[in-house]
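Trainee:
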């Protein structure tokens, strides 16, 4: 595993946001940085009260998009920034903006949800092209569905509470924002939507909750389960040429079904499976392996084989993403994003003790730990710890609970992208005040 060092730092000032998009907005071959500043799903009336306390009007109405070059020069900007000293509250808003060549003409188009409005804008200058009013302001996920005729459809989905029930509904629009269909009879509607051409007809089918929808929204199969789907992954985990569907659920259940919706495995002995990363992490183990992270408030992660058997445990709270082919012999590695302080004080003490007994030292478990990521191999060895970044926003002065600190800007997010076109991925870290580009260092 090569080491990475900081090669660029940008001070974002009032232009910083909770979500970064890396996209060539104007077709010049260079990647630009688009930052969204918003409350995310908390702009909805369904979260005005009760989610992290009362959401004040300025917070609920906050919206700004800023497009800048990699050197920090602002190309365009819409909306207005946050003005208070206390940081704004934002939750689950990353999928409320998306970019694609919507019309197949080489022009990058932005798609954006804000409250009950769905809009399209020219990514080169931020100019709004079209806008419609949605049926509910509960939508906060945008999905882009590829069709057999080469067109792209825009799907919008609720990620939480709505008048239709949790995780409902889902609706589809064409590239002109004409309404196509809506589906409300969903089982286990949860936090993501996944597209895959299951039947080989050239059009994406839709995995949402415990359902498979045909490209036109017709439910092909569905099963009931006493929770909603926190995450869905579709992959050929046993390498037999047929894909499986993995569910992390909103309770202790970890489920694998086939693409017909038939159950292959259910485990109910984990604290709360919430995220899973699939890859070829280990030699000598059949198929792919599954690195499953419990909800960060519960703590812990496990590596499983393709049959759901636990191979080893990792005693830290947080989530993970894939570093494809970054290890020895082309094996995949794990980028672990710690969530220090998310667990109760008692659990923190238990996990610190457990980690030391297992030979790990200085894992970021307690609320006083840093948020910097580190890299694991398929055996759980820490290969590399990312360098310390500038201190994240100190939110303790407002008396916010530890588990909510991330929603107020404490910590960092990261994107992997070959931002300078040299054939190697860089790591782009950011918070609401700074952005860092980390590049592979020569030995």
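Residue numbers (the working numbering): 16 to 458.
Even glycine gets a Cβ: it sits at the ideal position worked out from N, Cα and C.
1) Here's the rule: buried if 16 or more other CB atoms are within 10 angstroms of the residue's CB, otherwise exposed. What is residue 177?
2) Tell me the rounded alpha-carbon separation between residue 378 and residue 342.
3) Which word fits residue 290, buried or exposed, when buried means at least 16 other C-beta atoms lie within 10 angstroms of its C-beta?
4) How about the region 169-184 and the region 143-156: do they share at least three Cβ pairs that are nearer than 8 Å?
5) Helix, strand or coil for residue 30 per DSSP?
6) With C-beta atoms as the reference, is residue 211 less than 8 Å away from residue 249?
7) From this set, 116, 130, 217, which residue's C-alpha is nearest residue 164's C-alpha?
8) Per DSSP, what are the beta-bridge partners of residue 185 in this structure?
9) Where do the N-terminal and C-terminal ends of the alpha helix (DSSP H) with residue 364 fall, by residue?
10) How big is the Cα-Cα spacing for residue 18 and residue 439?
11) Does residue 214 pass the burial test, meaning 16 or more other C-beta atoms within 10 Å, or should it be called exposed?
12) Are the beta-carbon atoms belonging to residue 296 and residue 255 less than 8 Å from one another?
13) By DSSP, does residue 433 sit in helix, in strand, or in coil?
14) Would you kindly report the start and end of the unbroken alpha helix (DSSP H) that includes residue 73?
15) Sorted by chain position, which residues of the same chain lie with C-beta nearer than 7 Å to residue 477's C-beta, five sequence neighbours on each side aside?
16) What's the C-alpha gap between residue 338 and residue 437?
17) Under three-state DSSP, which class holds residue 438?
18) Buried or exposed for residue 201, going by 16 or more other Cβ atoms inside 10 Å?
19) Start and end of the beta strand (DSSP E) containing residue 307?
20) By Cβ distance below 6 Å, which residues in the same chain neighbour residue 33 in space, the five residues on each side in sequence not counted?
21) Between the alpha carbons of residue 36 and residue 383, how many angstroms are there, rounded?
22) Can you tell me which of the three DSSP states residue 62 falls into?
23) Would DSSP call residue 394 helix, strand or coil?
24) In chain order, what residues of the same chain have a beta carbon less than 7 Å from the beta carbon of residue 399, not counting five sequence neighbours either side?
25) Would you kindly work out how many angstroms separate the C-alpha atoms of residue 416 and residue 120, rounded to a whole number?
26) Which residue wins for smallest C-alpha separation from residue 147, given the options 138, 444, 49, 129?
27) Straight-line CA distance for residue 97 to residue 353?
28) Can you give me the C-alpha to C-alpha distance between residue 99 and residue 238, rounded to a whole angstrom?
29) Tell me residue 445's beta-bridge partners as DSSP assigns them.
30) With distances taken between CB atoms, is the gap from residue 373 to residue 314 smaller than 8 Å?
31) Given a cut-off of 8 Å, decide if residue 25 and residue 449 are closer than it, judged by their beta-carbon atoms.
32) Where does residue 160 fall in DSSP's three states?
33) What is the DSSP secondary structure of residue 143, reduced to helix, strand or coil?
34) Measuring only the C-alpha atoms, how far is residue 445 from residue 451?
35) Can you tell me which of the three DSSP states residue 150 falls into?
36) Would you give the residue range spanned by the beta strand (DSSP E) that residue 375 belongs to?
Mentor: Taking the coordinates as given:
1) Along the chain shown, one-based indexing puts residue 177 at 162. Answer is buried; the Cβ neighbour count reaches 16.
2) As a first step, residue 378 is located in the chain shown; it is residue number 363 there, counting from the start. As a first step, residue 342 is located in the chain shown; it is residue number 327 there, counting from the start. Distance between the alpha carbons of residue 378 and residue 342 is about 22 Å.
3) One-based indexing of the chain shown puts residue 290 at position 275. With 16 or more other Cβ atoms within 10 Å, it is buried.
4) yes
5) Indexing the chain shown from 1 puts residue 30 at position 15. Note: residue 30 maps to helix in three-state DSSP.
6) Translated into positions along the chain shown, residue 211 becomes position 196. Translated into positions along the chain shown, residue 249 becomes position 234. A contact, by the Cβ cut-off of 8 Å.
7) Looking up residue 164 in the chain shown gives position 149. It is 217 whose Cα lies nearest to the Cα of residue 164.
8) Taking the first residue of the chain shown as 1, we reach residue 185 at position 170. Bridge partners of residue 185: 172, 198.
9) On the chain shown, residue 364 is found 349 positions in, with the first residue counted as 1. Looking at the DSSP string, the run of the alpha helix (DSSP H) that includes residue 364 is 360-372.
10) What you label residue 18 is simply residue 3 of the chain shown in a count that begins at 1. What you label residue 439 is simply residue 424 of the chain shown in a count that begins at 1. Computed Cα separation, rounded: 13 Å.
11) The sequence position of residue 214 within the chain shown is 199, counting from 1. Residue 214 should be labelled exposed.
12) Residue 296 sits at position 281 when you count from the first residue of the chain shown. Residue 255 sits at position 240 when you count from the first residue of the chain shown. Contact flag unset, no.
13) Here the question's residue 433 lines up with position 418 in the chain shown. The answer is coil: DSSP assigns residue 433 none of H, G, I, E or B.
14) Stepping through the chain shown from its first residue, residue 73 is reached at position 58. From DSSP, the alpha helix (DSSP H) with residue 73 extends over 72-75.
15) The requested residue 477 does not occur in the structure, where the chain is confined to residues 16 to 458.
16) The count along the chain shown starts at 1 and reaches residue 338 at position 323. The count along the chain shown starts at 1 and reaches residue 437 at position 422. If I take the Cα positions, the gap works out to 17 Å.
17) In the chain shown, counting from the first residue as 1, residue 438 sits at position 423. Coil at residue 438, not helix or strand.
18) The residue given as residue 201 occupies position 186 in the chain shown. Flag for residue 201 reads buried.
19) Start at 1 with the first residue of the chain shown, and residue 307 comes out as number 292. Run containing residue 307: 304-309, per the beta strand (DSSP E) assignment.
20) Here the question's residue 33 lines up with position 18 in the chain shown. Once the five neighbours on either side are set aside, the close Cβ partners of residue 33 are 105.
21) Taking the chain shown and counting its residues from 1, the one referred to as residue 36 is at position 21. Taking the chain shown and counting its residues from 1, the one referred to as residue 383 is at position 368. The straight-line gap from Cα to Cα measures roughly 29 Å.
22) Counting from 1 along the chain shown, the entry for residue 62 is found at position 47. Correct three-state label for residue 62: helix.
23) For this step, residue 394 is matched to residue 379 along the chain shown. Looking at residue 394 - three-state DSSP - the assignment turns out to be coil, as it is neither helix nor strand.
24) Reading the chain shown from its first residue, position 384 is the one you call residue 399. The answer, listed in chain order, is 16, 18, 389, 390.
25) One-based indexing of the chain shown puts residue 416 at position 401. One-based indexing of the chain shown puts residue 120 at position 105. Cα to Cα, the separation comes out at about 48 Å.
26) Position 132 of the chain shown, counted from the start, is the residue given in the question as residue 147. Checked all of 138, 444, 49, 129; the closest Cα to residue 147 is 129.
27) Sequence index remark: in the chain shown, residue 97 carries index 82 (1-based). Sequence index remark: in the chain shown, residue 353 carries index 338 (1-based). Between residue 97 and residue 353, the C-alpha separation is close to 27 Å.
28) As a working note, residue 99 is residue 84 in the chain shown. As a working note, residue 238 is residue 223 in the chain shown. Approximately 46 Å, taken between the alpha carbons.
29) Here residue 445 refers to the residue found at position 430 when the chain shown is read from its first residue. Answer by DSSP bridge pairing, in chain order: 428, 450.
30) Taking the chain shown and counting its residues from 1, one reaches residue 373 at position 358. Taking the chain shown and counting its residues from 1, one reaches residue 314 at position 299. Cβ atoms of residue 373 and residue 314: not closer than 8 Å.
31) On the chain shown, position 434 is the one that residue 449 refers to. On the chain shown, position 10 is the one that residue 25 refers to. Contact: yes.
32) Taking the first residue of the chain shown as position 1, residue 160 is located at position 145. Of the three classes helix, strand and coil, the one that applies to residue 160 here is strand, per DSSP.
33) For the purposes of this step, residue 143 is taken as residue 128 along the chain shown, with counting starting at 1. If DSSP states are grouped into helix, strand and coil, residue 143 belongs with the strands.
34) The sequence position of residue 445 within the chain shown is 430, counting from 1. The sequence position of residue 451 within the chain shown is 436, counting from 1. When rounded, the distance between both Cα atoms is 6 Å.
35) Taking the first residue of the chain shown as 1, we reach residue 150 at position 135. Residue 150: coil per DSSP, three-state reduction.
36) Position 360 of the chain shown holds residue 375. Segment: none, residue 375 is in no beta strand (DSSP E) and carries neither H nor E.
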